[in-house]
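Working notes, structure below.
There are 4 protein chains.
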Amino acid sequence: MSDARKPDPARRSERSRHAILEAARALIGEVGYGKVSIEAIAARAGVGKQTIYRWWPSKGAVVFESILALSQDAEGGEVALPDTGDLEADLKLVMRATAAEFADPAFDAPIRALTMEIVNDPGLAAQYHERLAGPLDEAKKARLRAAQEAGQLAADADLDLVLDVLYSPLHRRWLHRSGPLTPEYADALVDVTLRAFRP
Amino acid sequence: MSDARKPDPARRSERSRHAILEAARALIGEVGYGKVSIEAIAARAGVGKQTIYRWWPSKGAVVFESILALSQDAEGGEVALPDTGDLEADLKLVMRATAAEFADPAFDAPIRALTMEIVNDPGLAAQYHERLAGPLDEAKKARLRAAQEAGQLAADADLDLVLDVLYSPLHRRWLHRSGPLTPEYADALVDVTLRAFRP
Amino acid sequence: MSDARKPDPARRSERSRHAILEAARALIGEVGYGKVSIEAIAARAGVGKQTIYRWWPSKGAVVFESILALSQDAEGGEVALPDTGDLEADLKLVMRATAAEFADPAFDAPIRALTMEIVNDPGLAAQYHERLAGPLDEAKKARLRAAQEAGQLAADADLDLVLDVLYSPLHRRWLHRSGPLTPEYADALVDVTLRAFRP
Amino acid sequence: MSDARKPDPARRSERSRHAILEAARALIGEVGYGKVSIEAIAARAGVGKQTIYRWWPSKGAVVFESILALSQDAEGGEVALPDTGDLEADLKLVMRATAAEFADPAFDAPIRALTMEIVNDPGLAAQYHERLAGPLDEAKKARLRAAQEAGQLAADADLDLVLDVLYSPLHRRWLHRSGPLTPEYADALVDVTLRAFRP
DNA sequence: TAATAAGCGAGACGGTACGTCGGGTCTTCAC
DNA sequence: GTGAAGACCCGACGTACCGTCTCGCTTATTA
């Protein structure tokens, strides 16, 4: 018999929820992820601490959701990669854009914060894959499948592996700051990947 | 003219230094990186807190050095990859070993802790590359160079890129827990890499 | 316009307040004023340090209030000196009692602690005079006024000065440990005082 | 069998001793007795902490000696009260001077510090009486004895008690800040005392 | 005249307490 | 009857000093 009084989602204040996520997002940008505190979020959002604890299990969860919301806003809803018929050109376009995004300081802080959460909390990692990475990967794989049908990619290529080879080096270079995120590097990754998986 | 009174390294107690690093290492394994506190390290090491603050700028730096010391002890000094003449076999051996290490819970906690530090602190990232990753990468590149001379790898291949393609996907899968670290996955990465960079 | 967020007295926990004062009082008796620490008081009272810092500005203030509370409890409320009509006898009774109290080790430690606070902090000195010394002095002066009306004391005597002459030597002898606090000394002070202020 | 290696006074550095006492005295005036630390004294005096601990048992002892030295310097050596033949005038002169000294902020801090030490440490209290208060009291009693011989004071008066009555009220008023230290108050105390002890 | 031992400056060390920040829980009051 | 406000207990922070303990380096006898 559980005594845990669960809050009633129907009564939840949308106003508070939004203010909290917005405050979290703003604070990450201002003081850095490590120094964001629940108290500061509550104060900034004009909200009692309890209201945060009622609806989120941890600071990480709030931060995670605030950034997730941001990303989902940006996308709008549907995600699709360009398809001009020229796989190499399309991929280079996307990879260069990805590299530029990672290099943009305005994106760096929140994405880094999000990554920290994922790394430390398997539960959040699962949510991340389900809600953010999954759909994006599906979009990418759709483009790759079209390429396979067009004979530009080995028909038996494991598309997850293709994505791994394509994105992981860029991601790691960003995360570890082990080198510059140049358009040339983006291009090189596309070249390598296409060479490895050509029909 | 700096007023900062810097401690005199000549007077530093080797006994304390060692006890602190050892305590840090032990605590990471026991309670997880996030819950390690300077107080706990000091208490465990039988040391005053000031002795930690005197020699390290942050908890991260202590943790970083404790794990670095651990890794360097393990290596002994010289690092060299096996060279049987069969590049594919040699790489698969190494990659399978790497995958197994990442999968080992005893290694997971400290390496994850180390990674968090690197991600958050560019200064530590630089130290990491210089003192740990650099030498290892050099050893790997030495093996790859031998393969180039033997005509098993494209002579003009950028060896840093080869390493990126080889290791990054494994590293990312481990960090994000986005899939199992199986020997098969290790093998697949070797296959992909060799295909991409064959002569 | 002050930004200092002042705590709300209405929400104050009477339970904590009482536990803190009691713990302070006990510790003074056990380890001596100088060695009492806020940490020890908090631990003994089962209270967070912040709860002490929220309501008192300094260790001195806590100690002061704890002893003040003790004294006020002891008094009950109304204070009155004996009045048998024989001024000399009445004063000797009171002075001997005072001397005995100062000589009692159980009273010595806290009163000495209180005195230290008063000496060092003019603010506390003012509080002391208002809340403790003032009422007592009034009671004493009431007895002296009765004596004046009975013609046992000069009608124009400055009663504050009378009290000074009567009590100060005893107080100083106690504080400086410059001599024993005997009944004879108490009597001698009464004799001197009456001689100086006889009609 | 004591292992305690006692320092050899013959080898003591007069230079250090003087610098320490001077630093202590200066710091009391600057930051107040409570905030003076051994570390600060050592730093100010350009002396190692050990040199202080070698020669003094406690902070109190250093402070005590520093002020004692100050007072003894001021006196020069011989102390004697004025003797014009008019006891009342002589005493009023002295008492007014004493009141003025207590009221002078430059004297207040060190004397208050000295008093704190005496109050808290019976050992220092004894030293104080022997080295400072004793000689002064003797000088005062010498003047009073002359007055007795001149028939201006009761021949059987207890001179220690006379001094108590004369000085204690002033001292207490200063210590407790319970009233202003005016010349009028000084005069009143002389009047009262002479009335109480007239022949 | 050397050696030897003490005092000395400096400051690292194991500790205790400081006063502050923030975590997560609980209660009170206004809307 | 939610939610703001914020007091509460608690744990950790980074700092200041405590008193002890080496270090080299003068000095100043003693062999």
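Protein chains in written order, with full-length UniProt numbering: chain X, 1 to 199; chain U, 1 to 199; chain B, 1 to 199; chain L, 1 to 199. Backbone N, C-alpha and C define an ideal beta-carbon position, used for all residues, glycine too.
**Q.** Environment of A125 of chain B [buried if 16+ CB atoms lie within 10 Å]
**A.** As a first step, residue 125 of chain B must be located in the third sequence, where it is residue number 125. Label assigned to A125 of chain B: buried.
Q) Taking 8 Å as the CB-CB limit, is R44 of chain U close to chain X? A) Within the second sequence, the letter at position 44 stands for residue 44 of chain U. No, R44 of chain U lies away from the interface with chain X (no Cβ there is under 8 Å from its Cβ).
Q. If we ignore side chains and look at the alpha-carbon of each, how far apart do Q72 of chain L and E22 of chain L end up?
A. Here residue 72 of chain L corresponds to residue number 72 of the fourth sequence, with the count starting at 1. Here residue 22 of chain L corresponds to residue number 22 of the fourth sequence, with the count starting at 1. Cα to Cα, the separation comes out at about 14 Å.
**Q.** Three-state secondary structure (DSSP) of L189 of chain B
**A.** On the third sequence, position 189 is the one that residue 189 of chain B refers to. If DSSP states are grouped into helix, strand and coil, L189 of chain B belongs with the helices.
(Q) Is R172 of chain B close to chain L? Criterion is C-beta to C-beta, closer than 8 Å. (A) Looking up residue 172 of chain B in the third sequence gives position 172. With 8 Å as the cut-off, R172 of chain B counts as an interface residue toward chain L.
Q. Using a beta-carbon distance cut-off of less than 9 Å, what residues from the stretch 101 to 119 of chain X approach chain U?
A. R112, T115, M116, I118 and V119
Q | Nearest-angstrom beta carbon gap, A45 of chain L and I28 of chain L [assumed within contact, 8 Å] | A | Counting from one through the fourth sequence, the residue named residue 28 of chain L turns up at place 28. Counting from one through the fourth sequence, the residue named residue 45 of chain L turns up at place 45. Not quite, the Cβ-Cβ distance comes to about 13 Å (not below 8 Å), so this is no contact.
(Q) Among B:L91, B:G134, B:G179 and B:P122, whose alpha-carbon lies nearest the alpha-carbon of F102 of chain B? (A) Walking along the third sequence from the start, residue 102 of chain B turns up at place 102. Considering only B:L91, B:G134, B:G179 and B:P122, the residue with the shortest C-alpha distance to F102 of chain B is B:G179.
Q) Is there at least one Cβ from chain X nearer than 8 Å to A125 of chain U's Cβ? A) Taking the second sequence and counting its residues from 1, one reaches residue 125 of chain U at position 125. Chain X, which has a Cβ nearer than 8 Å to the Cβ of A125 of chain U, makes this yes.
Q) In chain L, which residues lie with their C-beta within 8 Å of the C-beta of A188 of chain B? A) One-based indexing of the third sequence puts residue 188 of chain B at position 188. D158 and L161, listed in chain order.
Q: Using 10 angstroms around the beta-carbon of Q50 of chain X, count the other beta-carbons present and answer buried if the total reaches 16, otherwise exposed.
A: For the purposes of this step, residue 50 of chain X is taken as residue 50 along the first sequence, with counting starting at 1. So Q50 of chain X counts as exposed.
Q) Taking 8 Å as the CB-CB limit, is R195 of chain B close to chain L? A) Taking the first residue of the third sequence as position 1, residue 195 of chain B is located at position 195. Closer than 8 Å: yes.
Q. Would a check of beta-carbon distances place L87 of chain X closer than 8 Å to chain U?
A. Counting from one through the first sequence, the residue named residue 87 of chain X turns up at place 87. Answer no: the Cβ-Cβ gap between L87 of chain X and chain U never drops below 8 Å.
Q | Three-state secondary structure assigned by DSSP to T98 of chain B | A | Against the third sequence, residue 98 of chain B aligns to sequence position 98. If DSSP states are grouped into helix, strand and coil, T98 of chain B belongs with the helices.
**Q.** Distance, R54 of chain L Cα to D137 of chain L Cα
**A.** Here residue 137 of chain L refers to the residue found at position 137 of the fourth sequence. Here residue 54 of chain L refers to the residue found at position 54 of the fourth sequence. Straight through space, the alpha carbons of R54 of chain L and D137 of chain L are spaced by roughly 33 Å.
**Q.** Proximal residues to I38 of chain B (C-beta, below 7 Å), its chain only, five neighbours per side dropped
**A.** On the third sequence, residue 38 of chain B is found 38 positions in, with the first residue counted as 1. Excluding positions up to five away in sequence, the list reads K49, I52 and K59.
Q: Starting from the Cα of D86 of chain U, find the closest Cα among U:R143, U:L68 and U:I67 and give me that residue.
A: Here residue 86 of chain U refers to the residue found at position 86 of the second sequence. With distances taken between Cα atoms, D86 of chain U lies closest to U:R143.
Q. Name the chain B residues that come within less than 7 Å of R177 of chain L, Cβ to Cβ?
A. In the fourth sequence, the residue the question calls residue 177 of chain L occupies position 177. Within chain B, the residues near R177 of chain L are P122 and A125.
Q: Taking P199 of chain U as the query, report the chain X residues whose CB atoms sit under 7 Å from its CB, ordered along the chain.
A: By one-based count along the second sequence, residue 199 of chain U stands at place 199. None at all; the shortest Cβ gap to chain X is about 12 Å.
Q) Tell me which same chain residues have a C-beta within less than 8 Å of the C-beta of A150 of chain B, skipping the five on either side of it? A) For this step, residue 150 of chain B is matched to residue 150 along the third sequence. Excluding sequence neighbours, A150 of chain B sits near G85 and L87.
Q) CA-CA distance, R177 of chain B and P122 of chain L? A) As a first step, residue 177 of chain B must be located in the third sequence, where it is residue number 177. As a first step, residue 122 of chain L must be located in the fourth sequence, where it is residue number 122. The alpha-carbon atoms of R177 of chain B and P122 of chain L are separated by roughly 7 Å.
Q: Please list the partners that G48 of chain L has in chain B, where partner means a Cβ-to-Cβ separation under 7 Å.
A: For the purposes of this step, residue 48 of chain L is taken as residue 48 along the fourth sequence, with counting starting at 1. In chain order: nothing, as chain B lies at least about 26 Å away.
Q. Does the stretch 154 to 169 of chain L come close enough to the stretch 94 to 110 of chain B that 3 or more CB-CB pairs lie under 8 Å?
A. no
Q: Report the neighbours of G29 of chain L on chain B: residues whose CB is nearer than 8 Å to its CB, in chain order.
A: Locating residue 29 of chain L in the fourth sequence gives position 29, counting from the first residue. Here the premise fails: no neighbours, minimum Cβ distance about 15 Å.
Q: Could you give the DSSP three-state label for S16 of chain L: helix, strand or coil?
A: Within the fourth sequence, numbered from 1, the residue matching residue 16 of chain L stands at position 16. Residue state, collapsed to three classes: helix.
Q.
Check whether chain X comes within 8 Å of P169 of chain U, counting only Cβ atoms and requiring the distance to be less than that.
A. By 1-based counting over the second sequence, the position of residue 169 of chain U is 169. So yes, P169 of chain U belongs to the interface.
Q) Between which two residues does the alpha helix (DSSP H) harbouring W55 of chain L extend? A) In the fourth sequence, counting from the first residue as 1, residue 55 of chain L sits at position 55. It spans K49 to W55 - the alpha helix (DSSP H) in which W55 of chain L sits, taken as one unbroken run.
Q: Flag V36 of chain X as yes if its beta-carbon sits less than 8 Å from any beta-carbon of chain U, otherwise no.
A: For the purposes of this step, residue 36 of chain X is taken as residue 36 along the first sequence, with counting starting at 1. Output row for V36 of chain X: interface = no.
Q: Compute the Euclidean distance between the alpha carbons of L166 of chain U and V190 of chain U, then round it to the nearest angstrom.
A: If you number the second sequence from 1, residue 166 of chain U lands on position 166. If you number the second sequence from 1, residue 190 of chain U lands on position 190. Each residue's alpha carbon lies about 6 Å from the other.
(Q) Along the chain, where does the alpha helix (DSSP H) containing S168 of chain X start, and where does it finish? (A) Counting from 1 along the first sequence, the entry for residue 168 of chain X is found at position 168. Looking at the DSSP string, the run of the alpha helix (DSSP H) that includes S168 of chain X is L159 to H176.
Q: Indicate the three-state DSSP secondary structure (helix, strand or coil) for F197 of chain B in the structure shown.
A: By 1-based counting over the third sequence, the position of residue 197 of chain B is 197. Here F197 of chain B sits in coil by DSSP.
Q.
Mapping the DSSP letters down to three states, classify A147 of chain L as helix, strand or coil.
A. Looking up residue 147 of chain L in the fourth sequence gives position 147. Helix, per DSSP.
Q: Return no unless some Cβ of chain U is closer than 8 Å to the Cβ of V192 of chain X.
A: In the first sequence, counting from the first residue as 1, residue 192 of chain X sits at position 192. Using a Cβ-Cβ cut-off of 8 Å, V192 of chain X counts as an interface residue toward chain U, since at least one Cβ of chain U sits closer than that to its own.
Q: Could you name the residues of the same chain whose beta carbon sits closer than 7 Å to that of A69 of chain X, not counting the 5 residues immediately before and after it, in chain order?
A: In the first sequence, residue 69 of chain X corresponds to position 69, counting from 1. Beyond the five residues adjoining it in sequence on each side, A69 of chain X comes within less than 7 Å, by CB distance, of L21 in the same chain, given in chain order.
Q) chain B beta carbons: is any one of them nearer than 8 Å to that of V165 of chain L? A) The sequence position of residue 165 of chain L within the fourth sequence is 165, counting from 1. So, interface residue.
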